[in-house]
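> If you scroll down you'll find the structure; I have some questions about it.
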Amino acid sequence: MTTVAFTAGTEARFAVARHVADAVLFEGYVLYPYRASAAKNRLRWQFGVLVPPSWTAAAEEHDFQHTECLMEPRTGAELAVEVRFLRAQRRTVEELREDGTFAPTNELRLADRVLVAWDEGVEERVTLAAPVGELRGDGVALPFTRPATEETEDVTDAAGRVLGRLVRRREEIHGVLRVSTAELDGPYRVERLTVTVENTSTWTAEHGADRHAALPYSLVATHTLLRLDGGSFLSMTDPPEWAKGAVAACRNLHTWPVLAGEPGRDDLMLSSPIILEDHPAIAPESPGALYDSTEIDEILALRTAALTDEEKREARGTDARAAAVIELADTMPPEVLERLHGAVRSLRSVTGPPEDSLGGILEPDTPWWDPGGDTGVDPGRDHVLVDGRAVRAGSRVVLRPRLHRSDAQDLFLDGRAALVEAVLHDVDGGVHIAVTVEDDPGADIRREQGRFLYFQPDEVAVLEDA
Numbered sequence: 015m016t017t018v019a020f021t022a023g024t025e026a027r028f029a030v031a032r033h034v035a036d037a038v039l040f041e042g043y044v045l046y047p048y049r050a051s052a053a054k055n056r057l058r059w060q061f062g063v064l065v066p067p068s069w070t071a072a073a074e075e076h077d078f079q080h081t082e083c084l085m086e087p088r089t090g091a092e093l094a095v096e097v098r099f100l101r102a103q104r105r106t107v108e109e110l111r112e113d114g115t116f117a118p119t120n121e122l123r124l125a126d127r128v129l130v131a132w133d134e135g136v137e138e139r140v141t142l143a144a145p146v147g148e149l150r151g152d153g154v155a156l157p158f159t160r161p162a163t164e165e166t167e168d169v170t171d172a173a174g175r176v177l178g179r180l181v182r183r184r185e186e187i188h189g190v191l192r193v194s195t196a197e198l199d200g201p202y203r204v205e206r207l208t209v210t211v212e213n214t215s216t217w218t219a220e221h222g223a224d225r226h227a228a229l230p231y232s233l234v235a236t237h238t239l240l241r242l243d244g245g246s247f248l249s250m251t252d253p254p255e256w257a258k259g260a261v262a263a264c265r266n267l268h269t270w271p272v273l274a275g276e277p278g279r280d281d282l283m284l285s286s287p288i289i290l291e292d293h294p295a296i297a298p299e300s301p302g303a304l305y306d307s308t309e310i311d312e313i314l315a316l317r318t319a320a321l322t323d324e325e326k327r328e329a330r331g332t333d334a335r336a337a338a339v340i341e342l343a344d345t346m347p348p349e350v351l352e353r354l355h356g357a358v359r360s361l362r363s364v365t366g367p368p369e370d371s372l373g374g375i376l377e378p379d380t381p382w383w384d385p386g387g388d389t390g391v392d393p394g395r396d397h398v399l400v401d402g403r404a405v406r407a408g409s410r411v412v413l414r415p416r417l418h419r420s421d422a423q424d425l426f427l428d429g430r431a432a433l434v435e436a437v438l439h440d441v442d443g444g445v446h447i448a449v450t451v452e453d454d455p456g457a458d459i460r461r462e463q464g465r466f467l468y469f470q471p472d473e474v475a476v477l478e479d480a
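So that you can map any letter, position 153 of the sequence shown is 167 in our numbering, and since no number is skipped, the others follow by simple counting.
This is the structure:
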C-alpha cells in the first residue's frame with residue numbers, strides 16, 4: 015500500500031508545510047518568459063531529480079535521496095511521512111486532417127493560445143504513518159508503483175469545432191520508501207530518523223540515452239515532509255550544544271532537512287533538495303506563485319506584463335501554470351504590485367515615551383531631513399551641467415557607464431540612448447540622473463511605477479539633437 019489516510023491533525027500540519035514545499039516542487043518548472051520555446055525552458059527540473067538506477071548517463075544526478083535527522087519522541091509517538099514528487103507527463107500536439115485522422119504537428123494556433131509539445135508535471139505522493147516504536151532496527155520498506163497511462167484531449171475553437179488534440183503519456187515508474195529509527199547512546203532520549211527514497215524504475219537502452227528520454231522514468235523535484243505526533247525534531251542547522259556531535263554524525267545525501275511550519279514549533283520537518291533555513295516561509299507580500307523564486311515577484315510581474323501579445327499567447331498554451339502567471343500579471347491591482355517593492359523585517363518599533371538619561375536615545379520631533387518638505391530640491395525641475403549643457407527631465411542622453419562603479423547590467427547599456435526622467439540630489443551632495451532606456455518595451459510600466467536606472471553626470475553624454 016502506497017497511500018494512507020492521515021489524521022485530521024497531521025493533514026492540517028502538513029498543509030502548513032506544503033505551502034513552502036510547493037515552491038520547491040515547482041522550482042524551475044517553467045521560467046520567465048514562460049514559453050516552451052525559451053532557451054531556459056528547454057533544460058528543466060534541476061533539483062531533486064531521481065533517475066532510474068541503470069541510466070548510465072546520469073553523471074550528475076542520482077537514483078536516491080538519504081535523510082537523517084534527530085528527534086525526541088514521547089512514548090507512543092507516531093511518525094507520518096509524505097514523499098512528494100512530479101512525474102514528467104509528455105504532451106504532444108496533433109492536428110485534425112481533412113480525412114478525419116490526427117497527425118503530429120509542431121504547434122496548434124488558437125485565438126488565445128498557441129499549443130506546442132511540452133512536459134507537464136503531475137504531482138504524486140507516497141505516504142506512510144507508523145508508531146515510532148515499530149520503526150526501530152530495520153524499520154519499514156514501502157515499495158510503490160505508478161502505472162503507465164495515455165490520455166487524449168480534444169482541442170476546439172470558440173465555435174466548438176475540433177481542430178486537433180493533445181496526447182498525454184506517462185511512463186511506468188517504481189520506487190521504494192525506507193524509514194527506520196535508532197536510539198542514540200547518552201543521557202537524552204534522542205533517536206536518529208533515517209528516510210531513504212529510491213527510484214527503482216527499469217531502464218533499457220531502447221528508452222534512449224539522453225536526459226530528456228530519462229525524465230519520464232524519473233522522480234522529479236523529490237522532497238519529504240515529516241510530522242511527529244508526540245515529541246519534537248531537533249534543528250539540523252542550529253542544534254542545541256549537547257546535540258551538535260550527534261547532528262554532525264548524521265548523513266544527508268542529495269537533500270537537507272530543516273524545521274518547517276511556524277517559528278517556535280518543532281513537530282514538522284521538510285527535507286528538501288534545495289538548502290533552506292529553518293522555518294522557511296513565502297513572503298506575505300507575494301499575491302501568487304510565479305514559480306521562479308520567492309523574492310523577485312515584483313520584477314517578474316513587471317517583465318511579464320511587458321511581454322508582447324504573441325508571447326503571452328504562447329505562454330498560455332505552454333502550461334496551465336504559465337497561463338496563471340500571465341493572468342496574475344495582467345490583472346494585478348497597482349496597490350498589490352506596490353506591496354511587492356520590498357519590506358524591512360529586521361527592524362522593530364521604537365515608539366513610546368522618551369527614554370531616561372541612562373543611555374537612551376530621544377526621538378526628534380521632526381525628521382532630520384524630509385525630502386517632501388525640502389523646497390530646495392525638485393527632481394522634476396532640477397538640472398545638472400554635463401559638458402556645459404543643462405540636463406534635466408526630458409533631456410535625451412547617451413549612456414556611458416564607468417567600469418569602476420557599474421555592474422554587469424549597466425555595461426550592457428553602453429551606447430544606448432535614454433530619456434532623463436529626473437535629476438536627484440542626495441544628502442551627501444551627490445547628483446544622480448534617473449533615466450529610462452529608449453526602445454525599452456517596459457519603459458511605460460517602469461515610469462508609472464517610478465522604477466528608473468540611475469547614472470552619475472560623468473556617465474552620460476548629451477545627444478546633439480536634444
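Beta carbons: idealized from backbone N, C-alpha and C, even for Gly.
1) Using the beta-carbon count (16 or more within 10 Å), is residue 374 buried or exposed?
2) Is it true that the segment 56-65 meets the segment 196-208, where meeting means three or more beta-carbon pairs spaced less than 8 Å apart?
3) Are any of the Cβ atoms in chain D nearer than 8 Å to that of residue 144?
4) Would you call the CB atoms of residue 238 and residue 285 closer than 8 Å?
5) Suppose only complete runs of 3+ residues qualify. What are the beta strand (DSSP E) ranges in the segment 42-110, listed by chain order?
6) Which ranges does the beta strand (DSSP E) cover as unbroken runs of at least 3 residues, wholly within the segment 430-454, from first to last along the chain?
7) Following the continuous alpha helix (DSSP H) through residue 289, name the residue where it begins and the one where it ends.
8) Cα separation between residue 455 and residue 422?
9) What number of angstroms, rounded off, separates the C-alpha of residue 104 from the C-alpha of residue 196?
10) Output the boundary residues of the alpha helix (DSSP H) element that contains residue 269.
11) Less than 8 Å between the CB atoms is what I'm expecting for residue 206 and residue 84, so what's the real figure, rounded?
12) For residue 411, name the three-state secondary structure that DSSP assigns.
13) Kindly list the residues whose CB is nearer than 7 Å to the CB of residue 326, restricted to its own chain and excluding five residues on each side of it in sequence; keep chain order.
14) If you draw a straight line from the alpha carbon of residue 282 to that of residue 275, how long is it in whole angstroms?
15) Thinking just about the alpha-carbon of each residue, which of 157, 278, 293, 259 is nearest to the one in residue 271?
16) From the DSSP output, in three-state form, read off residue 259 for me.
17) Strictly by DSSP, which residues pair up with residue 313?
18) Assuming residue 288 contacts residue 38 (C-beta within less than 8 Å), just tell me the rounded distance between them.
19) Helix, strand or coil: which one does DSSP assign to residue 394?
20) Enumerated in chain order, which unbroken segments of the beta strand (DSSP E) with a length of 3 residues or greater are wholly contained in the segment 108-185?
21) Mapping the DSSP letters down to three states, classify residue 187 as helix, strand or coil.
22) Helix, strand or coil for residue 203, going by three-state DSSP, please let me know.
23) Just curious, the beta strand (DSSP E) that residue 465 is in, first and last residue?
24) What residue range does the alpha helix (DSSP H) around residue 226 cover?
25) Quick check: the Cα distance between residue 296 and residue 353, rounded to an integer number of angstroms?
26) For residue 450, which residues in the same chain have their Cβ closer than 8 Å to its Cβ, ignoring the five residues on either side in sequence?
27) Rounding to the nearest angstrom, what Cα-Cα distance links residue 350 and residue 471 in this structure?
28) For residue 91, which residues in the same chain have their Cβ closer than 8 Å to its Cβ, ignoring the five residues on either side in sequence?
29) Which of the three DSSP states, helix, strand or coil, is assigned to residue 28?
With the given structure in hand:
1) On the sequence shown, residue 374 is found 360 positions in, with the first residue counted as 1. Here the model assigns residue 374 a pLDDT of 48, short of 50, so the residue's position is not dependable, and the following value carries that caveat. Residue 374 comes out exposed.
2) At 8 Å Cβ cutoff, the stretches do not touch.
3) Structure shown: chain D not included; a single protein chain is present.
4) Position 224 of the sequence shown, counted from the start, is the residue given in the question as residue 238. Position 271 of the sequence shown, counted from the start, is the residue given in the question as residue 285. In terms of Cβ geometry, residue 238 and residue 285 form a close pair [threshold 8 Å].
5) For secondary structure counted as the beta strand (DSSP E) over 3 or more consecutive residues, the segment 42-110 holds these complete runs in sequence order: 78-110.
6) Unbroken beta strand (DSSP E) runs of no fewer than 3 residues, entirely contained in the segment 430-454, are found at 431-439, 445-451, following chain order.
7) Counted from its first residue, the sequence shown places residue 289 at position 275. Counting along the chain, residue 289 sits inside no alpha helix (DSSP H), nor does DSSP assign it H or E at all.
8) As a position in the sequence shown, residue 455 is number 441, starting the count at 1. As a position in the sequence shown, residue 422 is number 408, starting the count at 1. If you draw a straight line from the Cα of residue 455 to the Cα of residue 422, it comes to about 21 Å.
9) Mapped onto the sequence shown, residue 104 falls at position 90. Mapped onto the sequence shown, residue 196 falls at position 182. About 41 Å.
10) Looking up residue 269 in the sequence shown gives position 255. For residue 269, no alpha helix (DSSP H) segment is defined, and its DSSP state is neither H nor E.
11) As a first step, residue 206 is located in the sequence shown; it is residue number 192 there, counting from the start. As a first step, residue 84 is located in the sequence shown; it is residue number 70 there, counting from the start. Correct: roughly 6 Å between the Cβ atoms.
12) Taking the sequence shown and counting its residues from 1, one reaches residue 411 at position 397. Strand at residue 411.
13) By one-based count along the sequence shown, residue 326 stands at place 312. Hits under 7 Å: 340.
14) As a working note, residue 282 is residue 268 in the sequence shown. As a working note, residue 275 is residue 261 in the sequence shown. Straight-line Cα distance between these residues: approximately 6 Å.
15) Locating residue 271 in the sequence shown gives position 257, where the first residue counts as 1. For the options 157, 278, 293, 259, the alpha carbon positioned closest to that of residue 271 is the one of 293.
16) Within the sequence shown, the letter at position 245 stands for residue 259. Correct three-state label for residue 259: helix.
17) Within the sequence shown, the letter at position 299 stands for residue 313. BP columns for residue 313 are empty, so no partner.
18) Start at 1 with the first residue of the sequence shown, and residue 288 comes out as number 274. Start at 1 with the first residue of the sequence shown, and residue 38 comes out as number 24. Contact flag correct, Cβ pair sits at about 6 Å.
19) For the purposes of this step, residue 394 is identified with residue 380 of the sequence shown, where counting begins at 1. DSSP places residue 394 in coil when its eight states are reduced to three.
20) Runs of the beta strand (DSSP E) lying entirely within the segment 108-185 and spanning at least 3 residues, in chain order: 116-118, 121-123, 128-130, 132-145, 154-160, 163-170, 176-184.
21) The residue given as residue 187 occupies position 173 in the sequence shown. Looking at residue 187 - three-state DSSP - the assignment turns out to be strand.
22) For the purposes of this step, residue 203 is taken as residue 189 along the sequence shown, with counting starting at 1. The answer is coil: DSSP assigns residue 203 none of H, G, I, E or B.
23) Numbered from 1 along the sequence shown, position 451 holds the residue referred to as residue 465. Careful: residue 465 lies outside any beta strand (DSSP E) and carries neither H nor E.
24) Numbered from its first residue, the sequence shown carries residue 226 at position 212. Membership of residue 226 in the alpha helix (DSSP H) is indicated by the continuous run 225-228.
25) To locate residue 296, count along the sequence shown from 1; it is residue 282. To locate residue 353, count along the sequence shown from 1; it is residue 339. C-alpha separation (whole angstroms): 14 Å.
26) For this step, residue 450 is matched to residue 436 along the sequence shown. Once the five neighbours on either side are set aside, the close Cβ partners of residue 450 are 432, 433, 435, 457, 460, 461, 466, 467.
27) Along the sequence shown, one-based indexing puts residue 350 at 336. Along the sequence shown, one-based indexing puts residue 471 at 457. So the alpha carbons of these two residues sit roughly 34 Å apart.
28) For the purposes of this step, residue 91 is taken as the residue at position 77 of the sequence shown. 145, 146, 242, 243, 244, 245, listed in sequence order.
29) Sequence index remark: in the sequence shown, residue 28 carries index 14 (1-based). In the structure shown, the three-state DSSP call for residue 28 is helix.
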